[in-house]
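Colleague: From first to last, the protein sequence lines stand for chains A and B. Here the first sequence is numbered in my numbering, starting from 990 and rising by one per residue. Here the second sequence is numbered in my numbering, starting from 79 and rising by one per residue. My questions will all concern the structure given below.
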Amino acid sequence: MLEIRHLTKVYDGRVRALDDVSFTVEKGEFLVIVGLSGSGKSTLMRCINRLVEPTSGQVFFDGVDVTAASPEQLRHIRRKIGMVFQHFNLVKRSTVLTNVLSGRLGYVNAGASLLHRFPPEEVDRAMANLTRVGIPEKAQVRADELSGGQQQRVGIARALMQDPEMILADEPVSALDPATSHSVLRYLEEINRDDGTTIMCNLHFLDLARRYGTRIIALKAGRLIFDGLPSDIDRDRFREIYGEEAVEVGVS
Amino acid sequence: METREQGWAAPLKALALDWLMWAYVPAGIVYFFRDRLHGHPYTVWLYLGGIALGLVVALVLERKGITLGERIAGLVPPEPEVEGVVPPRAPWYRTLVGITGLILGIVTLVLGWNITEINLYYVFTRADRMANMTDRLMRPYWEVFPVLIEGMIETIFLALMATIISVPIAALLSFFAARNLMRRVTAPYGTLLAGFVGAIAGGILGTTLAGWILSPLDSGVLDVALINGIVKPLLLVVGAVILGLVFARVMKRLSDGQHLQAVRIATILLTAALGVMLMYVLVSLGTAVIFAGSWALFVRDGGPWPYFLLALGGVIGAAIGVRQEATSEFPLGQVVYSVMRFIMNVTRSIEPFVWALIFVTWFRLGPFPGMVALMVHSVAALGKLYSEQIEGIDPGPLEAVRATGANELQTIVYAVVPQIIPPFISFTIYRWDINVRMSTIIGLVGGGGIGQLLFQYQNLGQWRSVSVAVILIVAVVMTLDNVSARIREHII
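Following this line, the structure appears as C-alpha cells:
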C-alpha cells in the first residue's frame, strides 16, 4: 500500500537526511523503523505525508504519487494517514474533545468547522475513540492537564478520527516512562490487529521494536541498512546499526 | 601584535572606532565655541582639521598600546602567561582604554551641559517666580470639575474606541506579518503577475470611469463631495478586483492549457508593463522628494527624458520577463511579510501626536481625529506585538493539524488561534492603558478630550483650572494602570 522509491532529502543543500531510500510496506504490517538520533527516521515519516518536501524520489500511497499531488489531492491523502508525535503536539489550551475532533477536519464542512461546529455524529465518533483509548471522562478537560501517557492517548484518538489506512507514529513513546510506553504501544498494536490499520513506527529501543514490530527497517546516516524480521537482528546487526560501542539496553 | 594577523576587518573596524572617538573630541571643542565662531568662514576648516587630527591621534595611539576601539572590535592580545605568576594589572586610570573613556566622558558631559544650557544661576535666584504658579496650582478651582469630567470621559472613550477598532485590524494584519506562517506561502509567478498588473490597470480604469460619470453632476441639487468620496474609491476597488481576477484567470487558463508561447509572450509583456509602472512611481517619488516637483512638471520641462525613463523601465522589465518562468513559484508570503513589517515599523515610529496633526486637517478639530490618530498608531503597535506572539507559538500542533488533511484556514483556527488568545487579550488591555495616557497629549493639538481643555487653560494662564485637570489625569492613569496590571496578571 505504500511504496517509497529512491527518496532523498537534503536540508539547505548541505545536510543529507535521507539518501536514496527505497522500500515497500504491505497492508496490515506493523513496521518499526530503528536507528540513532539524526539517522533520518523523522524526516522519512514527514516525507510520506509531505510535512517535509522530499528533494527527489517518489512516494506512492495506494498507487497515488504523493510527491506529485496537488494541494487538494494532498489533503485527501493526508486525511487517510494518521500521525502520532513524540511530543504529542496537542493544542494545550483546547479541550481534549476539541483536540480529538481536530483529527476530523479533513472530512467535515470547512466553513462550519471554522466556527467550531461539528455534526453530532462526529462528536459521538470522538467520544467513541476516546473510550477506545480509555479516557472518555477526560473529554472536557484541558489537554495540558493530562499526564504524558494520557496526552499520547489523545494523540492516538485524534489519529483514529481520520479513519486512517495507515498511522505514522514518530517516536510515540520517547517522552514517556517504560510502563506508559508499553500501554501506548499496546493501543497501536490493538488498532493494527483489530482494524487492520498499517502502522509505521519510529522507536529508539530495540527490545520494543522486537516486541511490537512485524518487520523492522533500520536507517543509518540517511541510508537504509537493514530490512527484515525482528528475529534477524543479532549482535552483529545491532553493532552495524548503532555503532561499535553500543550496548543494548532494554525497556522492561 | 599577533592578533593583527587574524584578517583585515577587525583592525579596520578598530581604527574607524578610534578615529570616530578622537575626531569627536576636537569637533566637540569647536562646537563648544560655536556662538563665537558663528558665521566665521574658517569654521568648516576647524571641523575638518579636528577630524584629520582624530585620525592622526588614533593611528599614533594604536601603535602605543591597546586602544578602546581595539577593545570594542575584540582585538585584545592574549595576556603573557608566566608559570604560576599572575601579571599585575595596571589600575584603570593608567591604561589607554581607561584614559580614553575618561576623556570622552568629560567632553560629553561638558558639551551636554553647554548644549542644554543648564543655568544654575536661575536655579538659585528665580525659584520665587515659580512659586506664584505653584501657589495657584495648590488651590484647584473645583468649579471647572464638571467640565473636566466631561473631557475625561471623552478621553477615556476616545482611547477605548481607538483600541477596539484597532484590535480586529491589527489581529488580521498580524497573520500577514508572522514569518512562520508566511514563509510557506508561494504562488505561480505568471498568475500573480497578471493579477497584480490587472489590479493596477483596473484601479486606473475605475477612477477614470468615476471621473466621467461624476463630472456632469449638478452641485446645486446633490452633495457632490459625498458622492465623489464614495464612488471614486468604490470604483477603484471594484475595477482593481475585477480586472485583477480576470487577468489572473486568463493567465492560469493559458498555463493550464499548455499555450506555452502565449504564456511566454504574456509574461514578457506584463513584466514590461510592471517595469513601466514601477519607473513611473519611482520617478514621481524622486521628483517630489528631491526636487519638490511632480510627474506633470517633469513632462512639461523635461523634454524627452520622462518618456525615455518610462521606456527604460519597460525594457528592463521585458529583460527580466524573458528570464522568468511563468510557472515558477514566487515567494509571495516572504514579500508580503517584508512589506507589512516595513509599513508597521514606519507607522509605529511616527508618534500619535504627529498622526493627530495630520488627521486634524482631514476631520477638523475634536475627538474624532484624535481617535483615528491613536487607532492608526495602535494598529501598527499591536500588529507588531501580535505577530511576534504568532511567531513564538509551538509549531507542533500546527504540524499535527496540517497532517490530518486540514486546510490552511482550519489549521490557523485550530492550531494557532488557541495559542495566541491570552497574550492578545493581555496586549490589548495594555494598549488601552497606553492610549488613555497618549490621548491626553493628543488633546494638545486639538484632538479633543481633557488634553485639549488642559491646553486651553494653560494658554489663558488659568493655573487653578489646570490643576484640576492634572489631578484628574493622574487619578485616572493610576487607576487604569492598576486595573490593567491586575487583569493581565489573571490572564497569563
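All C-beta atoms in this analysis are idealised placements derived from N, C-alpha and C, irrespective of residue type, glycine included.
Using a beta-carbon distance below 7 Å, is Q488 of chain B in contact with chain A?
Modeller: Here residue 488 of chain B corresponds to residue number 410 of the second sequence, with the count starting at 1. Closer than 7 Å: yes.
Colleague: What residues of chain B sit near N1038 of chain A, judged by a beta carbon separation below 8 Å?
Modeller: The count along the first sequence starts at 1 and reaches residue 1038 of chain A at position 49. Near N1038 of chain A (Cβ distances below 8 Å), the residues of chain B are A481.
Colleague: Between which residues of its own chain and E80 of chain B is the CB-CB distance below 6 Å, once the five residues before and five after are set aside?
Modeller: On the second sequence, residue 80 of chain B is found 2 positions in, with the first residue counted as 1. With a pLDDT of only 41 at E80 of chain B, under 50, the local geometry of the prediction cannot be trusted, and the value read off the model is given with reservation. For E80 of chain B, where only same-chain residues beyond five positions count, there are no Cβ hits under 6 Å.
Colleague: Using a C-beta cutoff of 7 Å, does S1059 of chain A count as contacting chain B?
Modeller: Numbered from its first residue, the first sequence carries residue 1059 of chain A at position 70. Cβ-Cβ to chain B under 7 Å: no for S1059 of chain A.
Colleague: A1099 of chain A touches chain B at which residues, Cβ-Cβ below 8 Å?
Modeller: Working through the first sequence from its first residue, we reach residue 1099 of chain A at position 110. Near A1099 of chain A (Cβ distances below 8 Å), the residues of chain B are N485, L487 and Q488.
Colleague: Going along the chain, which residues of its own chain have a beta-carbon closer than 8 Å to the beta-carbon of V1041 of chain A, five neighbours each way excluded?
Modeller: Here the question's residue 1041 of chain A lines up with position 52 in the first sequence. Taken in chain order, the residues that qualify are K998, T1032 and R1035.
Colleague: Near R1005 of chain A, what residues of its chain come up, given a Cβ to Cβ distance below 7 Å and the 5 sequence neighbours on each side ignored?
Modeller: If you number the first sequence from 1, residue 1005 of chain A lands on position 16. V999 and G1211.
Colleague: For L1007 of chain A, write down the residues that DSSP places opposite it in a beta bridge.
Modeller: The residue labelled residue 1007 of chain A in the question sits at position 18 within the first sequence. Paired residue(s): A:K998.
Colleague: Could you tell me the boundaries of the beta strand (DSSP E) in which M1189 of chain A lies?
Modeller: For the purposes of this step, residue 1189 of chain A is identified with residue 200 of the first sequence, where counting begins at 1. Here the beta strand (DSSP E) through M1189 of chain A covers T1187 to N1191.
Colleague: Who are L991 of chain A's beta bridge partners in DSSP?
Modeller: Counting from 1 along the first sequence, the entry for residue 991 of chain A is found at position 2. Answer is A:V1014 and A:F1050.
Colleague: Output the boundary residues of the alpha helix (DSSP H) element that contains D1113 of chain A.
Modeller: The residue given as residue 1113 of chain A occupies position 124 in the first sequence. Segment P1109 to R1121, the alpha helix (DSSP H) holding D1113 of chain A.
Colleague: Could you check what DSSP says for S586 of chain B in three-state terms: helix, strand or coil?
Modeller: There is simply no residue 586 of chain B to check, as chain B begins at 79 and stops at 570 in what is shown.
Colleague: Output the boundary residues of the beta strand (DSSP E) element that contains K1209 of chain A.
Modeller: Within the first sequence, numbered from 1, the residue matching residue 1209 of chain A stands at position 220. First-last of the beta strand (DSSP E) with K1209 of chain A: R1204 to K1209.
Colleague: Whether or not the region 385–394 of chain B and the region 346–364 of chain B are in contact is what I'm after, with contact meaning three or more pairs of Cβ atoms, one per stretch, closer than 8 Å; do they touch?
Modeller: The region 346–364 of chain B, when compared against the region 385–394 of chain B, does touch it at the 8 Å Cβ threshold.
Colleague: Can you tell me which of the three DSSP states M1155 of chain A falls into?
Modeller: Mapped onto the first sequence, residue 1155 of chain A falls at position 166. Of the three classes helix, strand and coil, the one that applies to M1155 of chain A here is strand, per DSSP.
Colleague: What does a CB cutoff of less than 7 Å around V1014 of chain A pick up in its chain, not counting 5 residues either side in sequence?
Modeller: Position 25 of the first sequence, counted from the first residue, corresponds to residue 1014 of chain A. Excluding residues within five positions, the ones whose Cβ falls inside 7 Å are M990, L991, L1020, T1187 and M1189.
Colleague: So, using beta-carbon positions, are E1160 of chain A and Q1075 of chain A closer together than 7 Å?
Modeller: In the first sequence, counting from the first residue as 1, residue 1160 of chain A sits at position 171. In the first sequence, counting from the first residue as 1, residue 1075 of chain A sits at position 86. Yes, Cβ-Cβ distance for E1160 of chain A and Q1075 of chain A is below 7 Å.
Colleague: Less than 7 Å between the beta carbons of A92 of chain B and E148 of chain B, yes or no?
Modeller: The residue labelled residue 92 of chain B in the question sits at position 14 within the second sequence. The residue labelled residue 148 of chain B in the question sits at position 70 within the second sequence. The answer is yes: Cβ separation under 7 Å.
Colleague: Look up E80 of chain B in the DSSP assignment and say whether it is helix, strand or coil.
Modeller: Within the second sequence, numbered from 1, the residue matching residue 80 of chain B stands at position 2. Because the pLDDT of E80 of chain B is 41, which lies under 50, any placement of that residue in the model is unreliable, and the question is left without a value.
Colleague: Between V413 of chain B and M422 of chain B, what straight-line distance do the alpha-carbon atoms span, to the nearest angstrom?
Modeller: Your numbering for residue 413 of chain B matches position 335 in the second sequence. Your numbering for residue 422 of chain B matches position 344 in the second sequence. Looking at the two C-alpha atoms, the distance is approximately 14 Å.
Colleague: Using the Cβ count rule (16 or more neighbours within 10 Å means buried), how would you classify E407 of chain B?
Modeller: Residue numbering aside, residue 407 of chain B sits at position 329 when the second sequence is read from its first letter. With fewer than 16 Cβ atoms within 10 Å of its Cβ, E407 of chain B is classed as exposed.
Colleague: Is it right to say F502 of chain B is buried, meaning 16 or more other beta carbons lie within 10 angstroms of its own, or is it exposed?
Modeller: Numbered from its first residue, the second sequence carries residue 502 of chain B at position 424. Buried: at least 16 other Cβ atoms inside 10 Å.
Colleague: Compare the C-beta of Q1151 of chain A against all C-beta atoms of chain B and say whether one is closer than 7 Å.
Modeller: Numbered from 1 along the first sequence, position 162 holds the residue referred to as residue 1151 of chain A. Judged by the 7 Å Cβ criterion, Q1151 of chain A is in contact with chain B.
Colleague: In whole angstroms, give me the CA-to-CA distance for R167 of chain B and T173 of chain B.
Modeller: As a working note, residue 167 of chain B is residue 89 in the second sequence. As a working note, residue 173 of chain B is residue 95 in the second sequence. Near 9 Å, if we compare the C-alpha coordinates of T173 of chain B and R167 of chain B.
Colleague: From this set, A:L1063, A:E1018 and A:F1012, which residue's C-alpha is nearest G1046 of chain A's C-alpha?
Modeller: As a position in the first sequence, residue 1046 of chain A is number 57, starting the count at 1. For G1046 of chain A, the nearest C-alpha among the options comes from A:F1012.
Colleague: Answer yes or no: do N1181 of chain A and I1022 of chain A have a C-beta to C-beta separation smaller than 7 Å?
Modeller: Along the first sequence, read from residue 1 onward, the residue named residue 1181 of chain A stands at position 192. Along the first sequence, read from residue 1 onward, the residue named residue 1022 of chain A stands at position 33. No, the pair does not count as a contact, with Cβ atoms beyond the cut-off.
Colleague: What is the rounded straight-line gap between the Cα of S1028 of chain A and the Cα of P473 of chain B?
Modeller: Against the first sequence, residue 1028 of chain A aligns to sequence position 39. Against the second sequence, residue 473 of chain B aligns to sequence position 395. Near 22 Å, if we compare the C-alpha coordinates of P473 of chain B and S1028 of chain A.
Colleague: Within 7 Å (strictly less), CB to CB, does S1091 of chain A reach chain B?
Modeller: On the first sequence, position 102 is the one that residue 1091 of chain A refers to. Cβ-Cβ to chain B under 7 Å: yes for S1091 of chain A.
Colleague: Give the residues from the region 444–475 of chain B that approach chain A closer than 7 Å (Cβ to any Cβ), ordered along the chain.
Modeller: Cβ contacts with chain A: G474 and P475.
Colleague: Looking at G280 of chain B and L312 of chain B, is the spacing between their C-beta atoms short of 7 Å?
Modeller: By one-based count along the second sequence, residue 312 of chain B stands at place 234. By one-based count along the second sequence, residue 280 of chain B stands at place 202. Not in contact: L312 of chain B and G280 of chain B (Cβ atoms no closer than 7 Å).
Colleague: So, does the CB of N1078 of chain A fall closer than 7 Å to a CB anywhere in chain B?
Modeller: In the first sequence, the residue the question calls residue 1078 of chain A occupies position 89. Chain B, which has a Cβ nearer than 7 Å to the Cβ of N1078 of chain A, makes this yes.
Colleague: Starting from I184 of chain B and walking both ways along the alpha helix (DSSP H), at which residues does that stretch end?
Modeller: Counted from its first residue, the second sequence places residue 184 of chain B at position 106. Run containing I184 of chain B: L174 to I193, per the alpha helix (DSSP H) assignment.
Colleague: Quick check: is the beta carbon of E567 of chain B nearer than 7 Å to any beta carbon in chain A?
Modeller: Residue 567 of chain B sits at position 489 when you count from the first residue of the second sequence. With 7 Å as the cut-off, E567 of chain B does not count as an interface residue toward chain A.
Colleague: Pick helix, strand or coil for A209 of chain B, following the three-state DSSP scheme.
Modeller: Position 131 of the second sequence holds residue 209 of chain B. Residue state, collapsed to three classes: helix.
Colleague: Mapping DSSP to helix, strand and coil, what is P119 of chain B?
Modeller: One-based indexing of the second sequence puts residue 119 of chain B at position 41. Three-state DSSP puts P119 of chain B in coil, outside helix and strand.
Colleague: Hey, is Y125 of chain B's beta-carbon within less than 7 Å of any beta-carbon in chain A?
Modeller: What you label residue 125 of chain B is simply residue 47 of the second sequence in a count that begins at 1. By this cut-off, Y125 of chain B is not an interface position.
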